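Enquirer:
Number of protein chains: 2
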Amino acid sequence: MEDLALSLVKKRFGMEGGELLVGGVRAGALAEKYGTPCFVYDRRVFDEKLDALRTALPKRFRVAYSVKANPSQAILRHFISCDCGLEIASAGEFHQALQAGCNPRQILFAGPGKTVAELEVVLSNGIGEIHIESVTEAQRIGCICKRLGARANVAIRVNPACEAEGGAMRMGGRPTPFGVDEETLDEVLQLVLEDAALSFQGIHLFTGTQILDPKILVNQYRHGLGVARRVVSRTGRPLHRVDFGGGLGIPYFSHEHELDLTELRGALAAVFGEIESDPAFAGTEFMVEPGRFLAGEAGIYLARVNDIKISRGKKFLILDGGMNHHLAASGNLGQTIKRNYPMALLNKLHVPAEETVNVVGPLCTPLDTLARDVILPRAEIGDLFGIFQSGAYARAASPLGFLSHATPPEIWVDAGRDTLVTARGEFFGELPDNSHESTVK
Amino acid sequence: MEDLALSLVKKRFGMEGGELLVGGVRAGALAEKYGTPCFVYDRRVFDEKLDALRTALPKRFRVAYSVKANPSQAILRHFISCDCGLEIASAGEFHQALQAGCNPRQILFAGPGKTVAELEVVLSNGIGEIHIESVTEAQRIGCICKRLGARANVAIRVNPACEAEGGAMRMGGRPTPFGVDEETLDEVLQLVLEDAALSFQGIHLFTGTQILDPKILVNQYRHGLGVARRVVSRTGRPLHRVDFGGGLGIPYFSHEHELDLTELRGALAAVFGEIESDPAFAGTEFMVEPGRFLAGEAGIYLARVNDIKISRGKKFLILDGGMNHHLAASGNLGQTIKRNYPMALLNKLHVPAEETVNVVGPLCTPLDTLARDVILPRAEIGDLFGIFQSGAYARAASPLGFLSHATPPEIWVDAGRDTLVTARGEFFGELPDNSHESTVK
């Protein structure tokens with residue numbers, strides 16, 4: 331087992347007789363009951379992460395869950411029940427949010443390239459706030475509102491003029507399709523303020539992703555406050571909302587450390603303490619919208635070892651699921667260097683790691699490699715394999731149809747009670763009846 | 331427009347008034363009728379590619395289409411109607427092949443990690459041939475056959491001891507999860523020959539992918555014949571079938587050249603002429619199973635320019651579809667260096683290219699970049715954008731659910747007649763009725 335996997339087992343899940351527990355249920359029992367491959371989620375871990383984040387954030391902060399990380403209905407319902415808002419990035423996610431019972435007022439819509447059709451749907455259904463990403467979008471929303479006789483709450487998404495990097499701020503952000511460059515913010519602000527159909531709520535800072543250094547986050551938040559202050563001096567009244575985006579990371583590889591929330595808490599307390607009674611921020615609500623941070627650690631991908639073979643001295647474990655269900659773990663989702671996700675043989679947590687193996691999925695392509703040269707206990711066919719940190723950007727971002735295997739079901743486990751929340755799905759319709767003779771004698 | 335895109339327009343599709351034609355229909359008319367984003371396929375290009383391949387192959391060769399490249403029912407039906415077999419890599423693909431009307435005898439099943447459940451399904455439904463990839467699989471198929479009272483036609487997939495590289499053969503192939511190492515072939519062969527439930531049909535050579543050099547292919551085929559000859563000397567009778575796999579490439583980037591089929595034809599004629607009356611190959615059928623080569627050039631991904639913005643001097647075209655529909659074009663499917671697929675503004679083929687832009691999709695992630703620094707005619711919102719070479723490993727290998735946009739429909743165009751063959755799909759169920767008050771006044 332890799333170090334990070336072991337520490338996640340200890341910190342988040344626990345074990346019994348060398349076997350992983352998920353929400354108090356043995357992983358092997360879940361695999362037996364629901365079949366493999368599948369994704370399992372532990373409700374307690376969602377709670378732990380949200381509680382820890384809320385503890386670290388100053389007063390006046392509100393949390394929205396970023397739906398794109400994992401749009402499973404069970405997860406959306408959970409965060410709604412925890413009084414989170416939802417941040418969406420498409421009309422499809424808007425529908426999913428409503429299906430989960432979200433009040434549309436609690437939904438924020440960000441993302442480049444919103445279409446007219448998408449904007450019409452969300453505006454007709456009372457969305458809470460739309461984050462404007464370009465001049466075109468400001469004009470487009472105004473036009474649609476006039477047509478529908480609606481008024482839109484809008485914020486402007488700002489692409490900061492400085493970029494967070496290694497704890498320091500580098501001046502001169504990069505070109506990006508997201509948000510409005512800080513340098514040209516005034517033009518869009520003017521458009522928004524002059525359009526009676528648009529109700530200006532505040533700004534949303536486009537920040538990075540997968541940030542594990544509290545200093546970078548705090549610097550971004552401080553910079554965001556500066557941008558907000560300049561907007562306030564322009565509009566002459568405090569903003570309703572300043573949204574600092576997501577970007578809070580979780581460790582995926584053994585060299586990465588968890589985000590230090592104690593340090594983050596202290597630093598944010600200092601920054602936001604300074605502005606507590608500042609009239610520029612009187613009544614302003616602050617917002618973060620993490621996805622990965624809230625959902626990533628709660629999910630595990632389970633697959634079974636279906637074959638073991640040695641080719642030219644290298645041992646391969648062949649699982650019954652692979653990159654079709656977990657593209658990120660195969661290194662094909664933005665990684666330039668393929669690194670191994672935290673993983674383990676879930677029924678052999680007590681057995682010493684002794685074999686260096688490659689772990690691959692069942693797809694007929696060399697891309698379907700989940701781990702290279704990982705050290706595991708000696709494996710047997712039938713062993714249960716698990717990939718940790720798989721609650722976000724795992725199933726959601728995978729080419730589920732590639733090679734037409736069944737889609738993996740999702741199982742929600744809440745303190746000993748497991749529930750199937752997404753059924754296994756097949757990539758074909760009804761089989762033709764008796765269309766061909768069977769050769770079975 | 332990039333050079334390769336222009337040459338594909340000329341060679342395969344044609345244009346009218348500066349607008350691309352697909353099967354004789356204007357691309358803009360297809361986009362208007364079916365909406366964007368979508369995939370369009372030109373039947374004539376499928377025919378051209380299959381005809382060209384069959385012309386290049388010696389007698390006694392049979393072609394099977396590799397379903398994983400694109401399992402669209404329309405495409406499977408087309409290749410079945412052209413007297414091709416189908417090569418599948420999962421039970422899901424088996425079902426899709428049967429749905430398309432394929433005789434199960436014409437189906438070959440290859441791929442590592444076939445599960446017991448998959449093998450039971452195909453064996454109960456009279457599959458033509460299973461390619462054995464490991465000792466475990468040989469034993470597993472034998473057991474299932476005994477249980478079902480069936481007999482299986484099997485071939486052994488061989489991982490050659492030499493590797494094709496740059497036109498030369500390198501001795502000492504790599505470790506791989508695919509097939510049985512040539513060096514240890516005898517062990518599996520022994521198992522297969524001794525098991526009365528297994529009917530040994532021949533061998534299947536695991537070869538490379540995306541090969542554009544005829545010399546490499548011919549060397550592989552020659553090596554394969556050598557392996558086959560050794561097996562024949564072991565079994566004492568000619569093989570029913572020698573399968574040379576797929577691996578025939580198509581050009582994706584401007585520095586790549588089309589596979590020279592004239593050269594391939596000449597070289598194969600020489601190699602296979604030598605063995606024409608060789609008793610070791612008396613009655614042997616030869617097989618190739620391309621996917622990309624047959625389907626890749628016939629498909630184009632259509633998306634519309636939904637926004638245009640400039641960030642810090644860089645112009646971005648934001649489309650209504652992106653990596654969620656075409657992961658390969660975003661560089662996140664095995665590429666180490668992001669290169670631009672052949673692409674064009676399909677309604678401005680006559681307009682000189684003059685602007686260097688980045689082309690991105692609508693997803694709220696920097697990974698959703700389809701082209702960096704591509705030179706195109708000056709674009710306007712509403713322009714129709716096309717990515718060529720998108721008939722294989724495009725829609726099929728993409729994370730269609732990522733950010734919950736609708737899945738792209740597929741349109742089949744056959745000499746002026748367009749047909750919707752796969753409908754647009756949404757990632758949500760029924761919307762709750764009146765669950766929330768609309769803000770529209």
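Line order of the protein sequences matches chains U and P.
So the first sequence is numbered by this note's numbering: it starts at 331 and just counts up by one.
So the second sequence is numbered by this note's numbering: it starts at 331 and just counts up by one.
Virtual Cβ for every residue (Gly too), placed ideally from N, Cα, C.
A quick note: this is a predicted structure, and the numbers were derived from the prediction, not measured.
Give the residues of chain U in contact with Asn489 of chain P, contact being defined as C-beta atoms less than 8 Å apart.
Expert: Chain U residues near Asn489 of chain P: Ser641.
Enquirer: Any beta carbon from chain P within less than 8 Å of Lys678 of chain U's own beta carbon?
Expert: Not an interface residue.
Enquirer: Run the CB neighbour count on Ala753 of chain P, radius 10 Å, all protein chains shown included, and call it buried at 16 or more, exposed below.
Expert: The residue in question, Ala753 of chain P, is exposed, as its Cβ has fewer than 16 Cβ neighbours within 10 Å.
Enquirer: Between which two residues does the beta strand (DSSP E) holding Val572 of chain U run?
Expert: That run of the beta strand (DSSP E) goes Arg571 to Asp573.
Enquirer: Note down, in chain order, every chain U residue with its Cβ under 7 Å from the Cβ of Phe758 of chain P.
Expert: Neighbours of Phe758 of chain P on chain U, chain order: Gly422, His425, Gln426 and Gln429.
Enquirer: What residues are listed by DSSP as bridge partners for Tyr631 of chain P?
Expert: Answer is P:Phe369 and P:Ile717.
Enquirer: What's the gap between the Cα of Val465 of chain U and the Cα of Leu647 of chain P?
Expert: One C-alpha to the other measures close to 14 Å.
Enquirer: What does Gly731 of chain U touch in chain P if you count any residue whose Cβ is under 7 Å from its own?
Expert: Ordered by position in chain P, the residues that pass the 7 Å Cβ test against Gly731 of chain U are Ala726 and Leu730.
Enquirer: DSSP beta-bridge partners for Asp748 of chain P?
Expert: In DSSP, Asp748 of chain P forms a bridge with P:Val743.
Enquirer: Let's test the definition: count the other Cβ atoms within 10 Å of the Cβ of Leu523 of chain P and tell me whether it reaches 16, buried, or not, exposed.
Expert: Exposed.
Enquirer: Is DSSP giving Ala394 of chain U helix, strand or coil here?
Expert: Ala394 of chain U falls in the strand class under three-state DSSP.
Enquirer: Residue range of the alpha helix (DSSP H) that His534 of chain P falls in?
Expert: Here His534 of chain P belongs to no alpha helix (DSSP H); instead the beta strand (DSSP E) covers Leu528 to Leu535.
Enquirer: Give the interface partners of Ile711 of chain P over in chain U, defined as CB-CB distance under 9 Å, in chain order.
Expert: Going along chain U in sequence order, the residues near Ile711 of chain P (Cβ under 9 Å) are Thr466.
Enquirer: Would you check if there are 3 or more beta carbon pairs closer than 8 Å linking the segment 679-692 of chain P to the segment 720-729 of chain P?
Expert: Verdict: no, contact absent.
Enquirer: Could you check the C-alpha separation between Arg435 of chain U and Ile457 of chain U for me, to the nearest Å?
Expert: Those two C-alpha atoms are separated by around 5 Å.
Enquirer: In angstroms, rounded to a whole number, what distance separates the CA positions of Phe715 of chain U and Glu756 of chain P?
Expert: Distance between the alpha carbons of Phe715 of chain U and Glu756 of chain P is about 32 Å.
Enquirer: Between which residues of its own chain and Glu593 of chain U is the CB-CB distance below 6 Å, once the five residues before and five after are set aside?
Expert: Hits under 6 Å: Pro544.
Enquirer: Over what stretch of residues does the beta strand (DSSP E) that includes Ala404 of chain P continue unbroken?
Expert: Segment Gln403 to Ser411 is the alpha helix (DSSP H) holding Ala404 of chain P; no beta strand (DSSP E) there.
Enquirer: Say whether the segment 475-483 of chain P touches the segment 607-617 of chain U, bearing in mind that this needs 3 or more beta-carbon pairs closer than 8 Å, one atom from each stretch.
Expert: With a cut-off of 8 Å, the segment 607-617 of chain U and the segment 475-483 of chain P do not count as touching, because too few Cβ pairs lie within range.
Enquirer: Thinking C-beta only, is Val488 of chain P closer than 8 Å to Ile533 of chain P?
Expert: The answer is yes: Cβ separation under 8 Å.
Enquirer: Determine the direct distance from the alpha carbon of His735 of chain P to that of Leu675 of chain P, and round the result to whole angstroms.
Expert: Distance between the alpha carbons of Leu675 of chain P and His735 of chain P: 23 Å.
Enquirer: Please report the straight-line C-alpha distance between Arg407 of chain U and Leu578 of chain P, rounded to a whole angstrom.
Expert: Going by the C-alpha atoms only, they are around 48 Å apart.
Enquirer: Against Ala440 of chain P, what residues of chain U qualify as contacts under a CB-to-CB distance less than 9 Å, listed in chain order?
Expert: Simply Cys694.
Enquirer: Which first and last residues belong to the alpha helix (DSSP H) in which Ile474 of chain P is found?
Expert: Residues Val465 to Leu478.
Enquirer: Going along the chain, which residues of its own chain have a beta-carbon closer than 6 Å to the beta-carbon of Thr328 of chain P, five neighbours each way excluded?
Expert: The displayed coordinates of chain P run from 331 to 771. Any statement about residue 328 of chain P would go beyond what the structure contains.
Enquirer: With distances taken from CA atoms, which of U:Ala612, U:Met673, U:Phe623 and U:Glu710 is nearest Lys389 of chain U?
Expert: Residue U:Ala612 is the option with its Cα nearest to Lys389 of chain U.
Enquirer: Could you name the residues of chain U that Ala382 of chain P contacts, counting a contact when the two beta carbons are closer than 7 Å?
Expert: Here the premise fails: no neighbours, minimum Cβ distance about 25 Å.
Enquirer: Report yes if the CB atom of Pro581 of chain P is closer than 8 Å to the CB atom of Leu542 of chain P, and no otherwise.
Expert: Yes, the pair counts as a contact, with Cβ atoms nearer than the cut-off.
Enquirer: Ignore the nearest five residues each way along the sequence and tell me which others in Ala599 of chain U's own chain have a CB closer than 8 Å to its CB.
Expert: The answer, listed in chain order, is Pro388.
Enquirer: Please go through the segment 661-732 of chain U and give each complete beta strand (DSSP E) segment of 3 or more residues, from N-terminal end onward.
Expert: As far as the segment 661-732 of chain U is concerned, its whole beta strand (DSSP E) runs of at least 3 residues are 673-675, 685-690, 699-706 and 714-717.
Enquirer: Between P:Asn549, P:Asp525, P:Leu624 and P:Ile437, which lies nearest to Ala597 of chain P when the distance is taken from Cα to Cα?
Expert: Looking at the Cα atoms, P:Asn549 is the closest of the given residues.
Enquirer: Do Ala399 of chain P and Arg622 of chain P have their C-beta atoms closer together than 8 Å?
Expert: A contact, by the Cβ cut-off of 8 Å.
Enquirer: For a cutoff of 8 Å on Cβ pairs, would you count Ala753 of chain P as touching chain U?
Expert: Answer no: the Cβ-Cβ gap between Ala753 of chain P and chain U never drops below 8 Å.
Enquirer: Quick check for students: name the residue ranges of the alpha helix (DSSP H) that lie wholly in the segment 424-458 of chain P, counting only runs of 4 or more.
Expert: Taking only runs of at least 4 residues, the alpha helix (DSSP H) segments lying wholly in the segment 424-458 of chain P are 446-454.
Enquirer: Going along chain U in order, which residues have a C-beta closer than 7 Å to the C-beta of Pro401 of chain P?
Expert: Under the 7 Å cutoff, chain U gives Ser734.
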